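Trainee: Have a look at this one.
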């Protein structure tokens, strides 16, 4: 449980990597936003996230998790990892599985 904030930070960094340059667009001078090729399509992103999540799931003993990346207001990528119900062996479905996140949302409050 102590390592969940660290996991969230890593996932946020990964998700925000595709948003590099967004803040700069508010300036009068427009700059070209370049997205790393590995983050340019959902399939490439899935390969990266799958690898990262496999490591976290094993090393932190996480039963189940979801990852979602939104780009330009649209769902760009979502993935489910592990089990939603360990006892019944129900896999995580990123579109249907709900997690009780409790006070973890305080990390995102401004």
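Numbering (our numbering), first residue to last: 1 to 110.
Glycine included, each C-beta is placed from N, C-alpha and C at the ideal position.
Since this is a predicted model, take the numbers as computed values, not measurements.
1) For residue 84, which of helix, strand or coil comes out of DSSP?
2) From residue 63 to residue 100, what does the alpha carbon distance come to, in whole angstroms?
3) Less than 8 Å separating the beta-carbons of residue 67 and residue 78?
4) Taking only the alpha-carbon atoms, compute the straight-line gap between residue 57 and residue 34 and give it to the nearest angstrom.
5) Note the first and the last residue of the continuous beta strand (DSSP E) segment covering residue 69.
Mentor: Well, looking at it:
1) Here residue 84 sits in strand by DSSP.
2) Roughly 13 Å between the two C-alpha positions.
3) Yes; because the gap between Cβ atoms is below 8 Å, this pair is in contact.
4) Each residue's alpha carbon lies about 31 Å from the other.
5) Here the beta strand (DSSP E) through residue 69 covers 64-71.
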